[in-house]
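Heads up: the sequence lines are chains A and B, in that order. FYI, in full-length UniProt numbering the residues of the first sequence are 1 to 170. FYI, in full-length UniProt numbering the residues of the second sequence are 1 to 276. Note that CB positions come from ideal geometry on N, CA and C, so glycine has one too. The structure appears below as structure tokens.
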Amino acid sequence: MPKLNRDTRTDVTFTLNGKKVTARSEPRLLLTDLLRHELGATGTHVGCEHGVCGACTVRIDGEPARACLTLAAQAEGADIQTVEGLEPEPGGMSPLQAAFREHFALQCGFCTAGILISLKALFDRKPGASEQEIREQLSGHLCRCTGYTPIVRAALAAQAQMREEEPRNA
Amino acid sequence: MKPAPFDYVRAASLDEALSALHEAGDEARVIAGGQSLVPMLNMRLARPSVLVDVMRIGELARIEHRKGMITIGAGVRQAQLERWAPLAGTLPLVASMMPWVGHAQTRSRGTVCGSFAHADPSAELPLALLALEGEVHLRSKKARRVLPAADFFLGMMATAAQPGEMVEAIGLPAHGIGTGTAFAEVARRHGDFAIVACAAIARPGGAIRLAVGGVADTPQAIALPDPSDPDFDDRLNEFAWALNARDDLHASARYRRDLVRSLGRRTVEEAVSCRS
Numbered sequence: 001m002p003k004l005n006r007d008t009r010t011d012v013t014f015t016l017n018g019k020k021v022t023a024r025s026e027p028r029l030l031l032t033d034l035l036r037h038e039l040g041a042t043g044t045h046v047g048c049e050h051g052v053c054g055a056c057t058v059r060i061d062g063e064p065a066r067a068c069l070t071l072a073a074q075a076e077g078a079d080i081q082t083v084e085g086l087e088p089e090p091g092g093m094s095p096l097q098a099a100f101r102e103h104f105a106l107q108c109g110f111c112t113a114g115i116l117i118s119l120k121a122l123f124d125r126k127p128g129a130s131e132q133e134i135r136e137q138l139s140g141h142l143c144r145c146t147g148y149t150p151i152v153r154a155a156l157a158a159q160a161q162m163r164e165e166e167p168r169n170a
Numbered sequence: 001m002k003p004a005p006f007d008y009v010r011a012a013s014l015d016e017a018l019s020a021l022h023e024a025g026d027e028a029r030v031i032a033g034g035q036s037l038v039p040m041l042n043m044r045l046a047r048p049s050v051l052v053d054v055m056r057i058g059e060l061a062r063i064e065h066r067k068g069m070i071t072i073g074a075g076v077r078q079a080q081l082e083r084w085a086p087l088a089g090t091l092p093l094v095a096s097m098m099p100w101v102g103h104a105q106t107r108s109r110g111t112v113c114g115s116f117a118h119a120d121p122s123a124e125l126p127l128a129l130l131a132l133e134g135e136v137h138l139r140s141k142k143a144r145r146v147l148p149a150a151d152f153f154l155g156m157m158a159t160a161a162q163p164g165e166m167v168e169a170i171g172l173p174a175h176g177i178g179t180g181t182a183f184a185e186v187a188r189r190h191g192d193f194a195i196v197a198c199a200a201i202a203r204p205g206g207a208i209r210l211a212v213g214g215v216a217d218t219p220q221a222i223a224l225p226d227p228s229d230p231d232f233d234d235r236l237n238e239f240a241w242a243l244n245a246r247d248d249l250h251a252s253a254r255y256r257r258d259l260v261r262s263l264g265r266r267t268v269e270e271a272v273s274c275r276s
């Protein structure tokens, strides 16, 4: 049975945005810190570190989840997507990201990475999600700039565009 | 805001997990989804020296429906139960609660049994266990035992589980034909901890049970007469006072009692109206 010692750094291997990565971690290291400090993936932000604010939301095996409530060791073998994995080509923007810019759905941008990931997970699972469902998904995030209205507007616009591009997905 | 150091055991089987728990005694904690434990680790409210991860044990990730009892294993995530197709038919009360359990982003990782083991007084799932008179299956290296919900919850975040023991599964009786159920909750923000949560069950024979969470240190339940009975409001009021509500940051004791009376009546009336 694999037992990881508190003082020993061991390898954790998982898929990050489609690429296999390995990093060293001690058992108490959080996934947020592994992503940012060991792998340099600083798109994932760290806010409250106890699961309330949603800034650190990433996808783990397709599901939106708090990276700050996940030990790096728990991610062994998982498929993880962060905001860096949303761009369709280097420097490009996905429809969701473009809609956020178009509709002024961010100001300081601190919460944005987590919100984009949560909405992407919702639309992948449920392309026809209602505005109510979008708002419920957003209830897992705190944004202190926008008042949420432009975020909902951007989400609905992106959803409409994605369904137009992929009608079979609807 | 970082956990204190601990050893981490990734158990591949139930035997391995139980041995590791047995060895470490009260120094060990089980980690499943980690959605309640990791915040406590981060804030150093909990400082176990060993964590035993039970999420790689395939046999624990099952939901089974057998002989009128639905058994939910320790590895079943809340999102898995929420999307389990027979849920609305077999556990309608739980189905109506699931959207209130944390947020989608925590239900994706958090487990059903973890919520019982954590025993937060305002959590919805422990309320369901008490309302439905479910049972908790505890397992240690040497023994297994089954406790009724009322004997499992001992106080705020305190349960009857002993060092070396883990919640292996919980059992909930499947919905009976003709029974009516209802759930309502008041919280500051959808998905936040409940200030008061009420679950009511009205059986075809006339028996009515109301369970209340968020007020006392553990969820509490009472048998009530029909809401048309002249004694109903007095009985509910006595119950509201007996819960010994306290003032805190979120709500006053008086507001909590008020909610028990109003939400209590509303959920019982709704459960009675769904009964056939």
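| Rounded C-alpha distance that separates Val83/A from Ile117/A | Residue mapping note: residue 83/A aligns to position 83 of the first sequence, counting from 1. Residue mapping note: residue 117/A aligns to position 117 of the first sequence, counting from 1. When rounded, the distance between both Cα atoms is 6 Å.
| query | Taking any Cβ of chain A, which residues in the stretch 112–126 of chain B have a Cβ under 8 Å from it, in chain order? | reply | none
| Which partner residues of Leu30/A appear in the DSSP bridge assignment? | By 1-based counting over the first sequence, the position of residue 30/A is 30. Paired residues: Leu71/A.
| query | Mapping DSSP to helix, strand and coil, what is Arg10/B? | reply | Position 10 of the second sequence holds residue 10/B. Strand.
| message | Please give the ranges of any alpha helix (DSSP H) in the stretch 92–135 of chain A, keeping only runs that are unbroken, at least 4 residues long and fully inside the region. | response | 95–102, 112–125
| So, do the stretch 181–192 of chain B and the stretch 125–142 of chain A have three or more beta carbon pairs nearer to each other than 8 Å? | yes
| query | What number of angstroms, rounded off, separates the C-alpha of Phe239/B from the C-alpha of Gly264/B? | reply | In the second sequence, residue 239/B corresponds to position 239, counting from 1. In the second sequence, residue 264/B corresponds to position 264, counting from 1. For Phe239/B and Gly264/B, the distance between alpha carbons rounds to 10 Å.
| said: Looking only at its chain, what residues have a beta carbon closer than 7 Å to the beta carbon of Leu87/B, apart from the 5 residues adjacent to it on each side? | reply: Numbered from 1 along the second sequence, position 87 holds the residue referred to as residue 87/B. The residues are Leu81, Val94, Ala95.
| query | Mind checking if His50/A is an interface residue toward chain B, Cβ cutoff 8 Å exclusive? | reply | The sequence position of residue 50/A within the first sequence is 50, counting from 1. It does; some Cβ of chain B falls within 8 Å.
| message | Using a Cβ-Cβ cutoff of 8 Å, what residues of the stretch 36–68 of chain B are near chain A? List them in chain order. | response | Val38, Pro39, Leu41, Asn42, Met43, Ser49, Leu51, Asp53, Met55
| task | Quick one: list the residues of chain A neighbouring Asp7/B, beta-carbon separation under 8 Å, in chain order. | result | Residue 7/B sits at position 7 when you count from the first residue of the second sequence. The answer, in chain order, is Lys3, Leu4, Asn5, Arg6, Pro27.
| task | Can you say whether Met162/A is buried or exposed, counting buried as having 16 or more other CB atoms within 10 angstroms of its CB? | result | Position 162 of the first sequence holds residue 162/A. When all chains shown are included, Met162/A counts as buried.
| task | List the residues of chain A whose Cβ lies closer than 9 Å to the Cβ of Ala104/B, in chain order. | result | Residue numbering aside, residue 104/B sits at position 104 when the second sequence is read from its first letter. Result: Glu63, Pro64, Ser118, Ala121, Leu122, Glu136, Gln137, Ser139, Gly140.
| said: From the DSSP secondary-structure annotation, give me the bridge partner or partners of Ile72/B. | reply: Walking along the second sequence from the start, residue 72/B turns up at place 72. Paired residue(s): Ile63/B, Ile170/B.
| request: Answer yes if the stretch 100–117 of chain B comes into contact with the stretch 53–68 of chain A, meaning at least three C-beta pairs across the two stretches below 8 Å, and no otherwise. | output: yes
| task | Identify whether His22/B lies in helix, strand or coil by the three-state DSSP scheme. | result | Counted from its first residue, the second sequence places residue 22/B at position 22. His22/B falls in the helix class under three-state DSSP.
| said: Distance check for Ala143/B and Leu34/A, CA to CA, integer angstroms please. | reply: Taking the first residue of the first sequence as position 1, residue 34/A is located at position 34. Taking the first residue of the second sequence as position 1, residue 143/B is located at position 143. Going by the C-alpha atoms only, they are around 39 Å apart.
| Can you find a C-beta in chain B that's less than 8 Å from the C-beta of Ala73/A? | Start at 1 with the first residue of the first sequence, and residue 73/A comes out as number 73. At least one chain B Cβ lies under 8 Å of Ala73/A.
| query | With burial defined as no fewer than 16 other Cβ atoms inside 10 Å of the residue's Cβ, what is the status of Asn169/A: buried or exposed? | reply | Taking the first sequence and counting its residues from 1, one reaches residue 169/A at position 169. Reliability fails at Asn169/A, whose pLDDT of 48 lies under 50, so the model's placement of it is uncertain and the value that follows must be treated cautiously. Burial call: exposed.
| task | Name the two residues that bound the continuous alpha helix (DSSP H) containing Pro92/B. | result | The residue given as residue 92/B occupies position 92 in the second sequence. It spans 92–97 - the alpha helix (DSSP H) in which Pro92/B sits, taken as one unbroken run.
| request: For Val83/A, verify whether its CB is less than 7 Å away from any heavy atom of the ligand COA. | output: The ligand COA is not part of the structure shown, which contains no ligands of any sort.
| query | By the criterion of Cβ-Cβ separation under 8 Å, what are the contact partners of Gly57/A in chain B? | reply | Along the first sequence, read from residue 1 onward, the residue named residue 57/A stands at position 57. The sequence shown places Thr at residue 57/A, rather than the Gly named in the question. Within 8 Å Cβ-Cβ: Gln105.
| field | Short CB-CB distance (under 8 Å) between Met157/B and chain A | value | As a working mapping, residue 157/B is identified with position 157 in the second sequence. Judged by the 8 Å Cβ criterion, Met157/B is not in contact with chain A.
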